[in-house]
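Asks:
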Amino acid sequence: MFVSRKWLQTYFNEKLPGGDALAELLNFHAFEVEDIKYWDTDEILDVKILADRACYALSHRGIASEIAAAANLALIKKEPKSVAEKSRKAPDIEIKKHDLCSRYIGRQVEKVEVGPSPEWLVERLESIGERSINNVVDAANFVMFDLGQPLHAFDADKVRGAINVRLAKKGEQITTLDNREVELDAETLIIADEEGPLAIAGIKGGKRAEVTLGTKNLILEAAHFDASSIRLTSTRLDIKTAASKRFESKLSATLAEDAMKVFSALIKELVDGSQFGPMNDVYKKPEKPVRLEIRTGTVSEVLGLKIAADEIIGTLRKVGVDAKENGTKLICDIPPLRSDLRIPEDIIEEVGRIYGYEKIKPELPEPIRGQAMVNKNLYYKEKIKDLLVEVGFSEVIMSTFSPKGKLEVAKPLAEDKKYLRSNLADGLAAALERNAQNAPLLGLTEVRIFELGSVFGPSGEKVHLGIARQSLVKKDRRNEDILNEIVGLLGTSLDMPISSKVTTGPAGAIAELDITELFVTARSPHTFSHLWVPTNKAF
């Protein structure tokens, strides 16, 4: 995300240090700054926002709060201003899918003059790489990059009837603002009116109710959409936008109201004669406050640094967490915007990064006493591989995507890889054929390969073992006889009953075994020592 130093300065009375100093501060306590660019007299930081904290940090206010916490600076709290309501008109709103849209705020604005944005607004947006469109659209974008809440505006005169938040009907189409024709499916959440789709919810607006220079009346939108739904739809339709990126990060529904107030006030500032109606706020199940408890001593134990309770509380308050000491525990009330703080370990991380990881003295951990736990699946996978290598087989790793199968991939990377593989045999047959062509160059008289990997079907993911052989000489033992022998050897070595049907074809013979249950029923090993390679073994 591009962050303007001048923009950040609006959150502080005290003069901020230069871009290099801000970058160092953020690198140590928050996020990596990948580059610093210069825009006229401004410095633009290219900040790599981590996905787990994007819910609040994909905004100038979020980055300003990080700087305030790390540098111990006072952050200006900008309270949203309310605009006078000179109209009684409010859009009718109906939410059909409350699980996908928990909150929708609509507001009607009359007597709007759409035109160019003032110089300061154009400069703000262009400094972070955004193109100025008009004063209404620019106001929505400004608030999004300032607070992190995506917004939208419709031409009210082009909207027929109520605003309806619903799933699209299969086959419905929409022309997006960038003139792309999109066919919708029944899993896509849309904003619609009586005539059909107006926007792809949380992702992209539609052309039909676009705000243009001729627009006189507006319907403003501030909403909260389900993060998973937005991510899946954005991926499925191959439409990635600044709005979808923010909704995917689990924004707080409480942010929508503040953003609508700021949006309204900014439009009023840009278009003085505009008249606002009341906000129609459909919010069926408001977010519940989140409170976490953590033992005070746990913070020091996990970080490896002794920190007094009052220091922990002070550090947490810098990031907006209202912490209080209650006996040996800390009671932490989480601010609504911090949906990334949900478990005690999150609290410990906040203390560590703001207090400063550089203050933690490096110490070697004490050696582990006793026997470490052995991963049964890993143990038997490695044992099977070792046994097959010992009898002359080479491991191959084939693609899990296939031209045929039982499960189709929603967004395949290639047309000939549209399915998840349902067996290993198809890939092994192709590998046998390719290896057989090259074997004479190496002086080989046979090809022996195997693969141990996942296959996919309606019942889920399973682990299969595929063993394949192709003889390259005329007088030789049958391929299937050798594979049956190898399967028997595996059963004896693992002390388990193993059987497999061997199939033959032009490429050779292939045995495929479902060994998913083998890992469940096999006895648990106590050590990996049987898998260690002797130091005198030659490779």
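If you want the working numbering, it's the position in the sequence shown, counting the first as 1, plus 888.
Just so you know, even glycine gets a beta-carbon here, dropped at the ideal spot from N, CA and C.
Just so it is clear, the structure is predicted and the values come from calculations on it, not from any experiment.
Taking the DSSP output, what are the residues bridged to leucine 1039?
Replies: As a working mapping, residue 1039 is identified with position 151 in the sequence shown. Paired residues: Ala1110.
Asks: Per the contact definition of three or more C-beta pairs closer than 8 Å, is the region 1117-1128 in contact with the region 1041-1052?
Replies: Contact between the region 1041-1052 and the region 1117-1128 is absent, because fewer than three Cβ pairs lie under 8 Å.
Asks: Buried or exposed: where does leucine 1332 fall if 16 or more other Cβ atoms within 10 Å of its Cβ makes it buried?
Replies: One-based indexing of the sequence shown puts residue 1332 at position 444. Flag for leucine 1332 reads exposed.
Asks: Which residue marks the beginning of the alpha helix (DSSP H) containing proline 1004, and which one marks its end?
Replies: If you number the sequence shown from 1, residue 1004 lands on position 116. Segment: none, proline 1004 is in no alpha helix (DSSP H) and carries neither H nor E.
Asks: Helix, strand or coil for histidine 986 per DSSP?
Replies: Position 98 of the sequence shown, counted from the start, is the residue given in the question as residue 986. It is coil, neither helix nor strand.
Asks: State yes or no: is the C-beta of threonine 1064 nearer than 7 Å to some heavy atom of the ligand SAM?
Replies: The ligand SAM is not part of this structure, which contains no ligands at all.
Asks: Does lysine 1264 come out as helix, strand or coil in the three-state DSSP assignment?
Replies: Taking the first residue of the sequence shown as position 1, residue 1264 is located at position 376. Reduced to three states, the DSSP call for lysine 1264 is helix.
Asks: Where do the N-terminal and C-terminal ends of the beta strand (DSSP E) with lysine 1078 fall, by residue?
Replies: Start at 1 with the first residue of the sequence shown, and residue 1078 comes out as number 190. Strictly speaking, residue 1078 in this sequence is isoleucine, with lysine absent from that position. Here the beta strand (DSSP E) through isoleucine 1078 covers 1077-1081.
Asks: Can you say whether valine 1187 is buried or exposed, counting buried as having 16 or more other CB atoms within 10 angstroms of its CB?
Replies: The residue given as residue 1187 occupies position 299 in the sequence shown. By the 10 Å Cβ count, valine 1187 comes out buried.
Asks: Compute the Euclidean distance between the alpha carbons of phenylalanine 890 and glutamate 1014, then round it to the nearest angstrom.
Replies: The count along the sequence shown starts at 1 and reaches residue 890 at position 2. The count along the sequence shown starts at 1 and reaches residue 1014 at position 126. Approximately 11 Å between the Cα atoms of the pair.
Asks: Tell me which residues share the same chain as leucine 1312 and place their Cβ nearer than 6 Å to its Cβ, disregarding the 5 neighbours each side in the sequence.
Replies: On the sequence shown, position 424 is the one that residue 1312 refers to. Excluding positions up to five away in sequence, the list reads Glu1339, His1352, Gly1354 and Glu1400.
Asks: Leaving out the 5 sequence neighbours to the left and right, which residues in its chain are closer than 7 Å to isoleucine 1386 when beta-carbon positions are compared?
Replies: The count along the sequence shown starts at 1 and reaches residue 1386 at position 498. Excluding sequence neighbours, isoleucine 1386 sits near Val1375, Leu1378, Gly1379 and Leu1401.
Asks: How many Å lie between leucine 1072 and proline 1177 at the Cα?
Replies: Looking up residue 1072 in the sequence shown gives position 184. Looking up residue 1177 in the sequence shown gives position 289. If you take the alpha carbons of leucine 1072 and proline 1177, they lie about 36 Å apart.
Asks: For glycine 1280, which option in Gly1017, Ile1370, Pro1232 and Ser953 has the closest C-alpha, if you only look at C-alpha atoms?
Replies: Against the sequence shown, residue 1280 aligns to sequence position 392. For the residues Gly1017, Ile1370, Pro1232 and Ser953, the minimum Cα distance to glycine 1280 belongs to Ile1370.
Asks: With H, G and I counted as helix, E and B as strand and the rest as coil, what does DSSP make of arginine 1336?
Replies: Within the sequence shown, the letter at position 448 stands for residue 1336. Reduced to three states, the DSSP call for arginine 1336 is strand.
Asks: Would you report the Cα separation of isoleucine 924 and alanine 1196, rounded to the nearest angstrom?
Replies: Stepping through the sequence shown from its first residue, residue 924 is reached at position 36. Stepping through the sequence shown from its first residue, residue 1196 is reached at position 308. Cα to Cα, the separation comes out at about 37 Å.
Asks: In three-state DSSP terms, what is proline 1232?
Replies: As a first step, residue 1232 must be located in the sequence shown, where it is residue number 344. Helix, per DSSP.
Asks: Using only the alpha-carbon positions, how far apart do alanine 1327 and lysine 1350 sit?
Replies: Your numbering for residue 1327 matches position 439 in the sequence shown. Your numbering for residue 1350 matches position 462 in the sequence shown. The alpha-carbon atoms of alanine 1327 and lysine 1350 are separated by roughly 32 Å.
Asks: Going along the chain, which unbroken runs of the alpha helix (DSSP H) with 4 or more residues stay wholly within the region 1181-1231?
Replies: If we require 4 residues or more, the alpha helix (DSSP H) runs fully inside the region 1181-1231 come out as 1184-1191 and 1197-1206.
Asks: Give me whichever residues DSSP pairs with aspartate 1391 in a beta bridge.
Replies: Along the sequence shown, one-based indexing puts residue 1391 at 503. Correcting the residue type first, residue 1391 is threonine in the shown sequence and not aspartate. Partner(s): Ile1398.
Asks: Tell me the rounded alpha-carbon separation between lysine 936 and lysine 999.
Replies: The residue labelled residue 936 in the question sits at position 48 within the sequence shown. The residue labelled residue 999 in the question sits at position 111 within the sequence shown. Each residue's Cα considered, the two are about 41 Å apart.
Asks: Assuming cysteine 1220 and leucine 1180 make a contact with CB atoms under 8 Å, what is their CB distance in whole Å?
Replies: Residue numbering aside, residue 1220 sits at position 332 when the sequence shown is read from its first letter. Residue numbering aside, residue 1180 sits at position 292 when the sequence shown is read from its first letter. With a Cβ gap of about 5 Å, cysteine 1220 and leucine 1180 count as contacting.
Asks: Measure how close the beta-carbons of glutamate 1283 and lysine 1273 come, nearest whole angstrom, since I'm counting them as under 8 Å.
Replies: As a first step, residue 1283 must be located in the sequence shown, where it is residue number 395. As a first step, residue 1273 must be located in the sequence shown, where it is residue number 385. Confirmed, Cβ separation roughly 6 Å.
Asks: Any idea if asparagine 1105 is buried or exposed, counting beta-carbon neighbours within 10 angstroms, 16 or more meaning buried?
Replies: Position 217 of the sequence shown, counted from the start, is the residue given in the question as residue 1105. Its Cβ being crowded by 16 or more others within 10 Å, asparagine 1105 is buried.
Asks: Using 10 angstroms around the beta-carbon of aspartate 908, count the other beta-carbons present and answer buried if the total reaches 16, otherwise exposed.
Replies: Looking up residue 908 in the sequence shown gives position 20. Its Cβ having fewer than 16 others within 10 Å, aspartate 908 is exposed.
Asks: Does the Cβ of methionine 1261 have 16 or more other Cβ atoms within 10 Å, making it buried, or fewer, making it exposed?
Replies: By 1-based counting over the sequence shown, the position of residue 1261 is 373. The residue is exposed, with fewer than 16 neighbouring Cβ atoms inside 10 Å.
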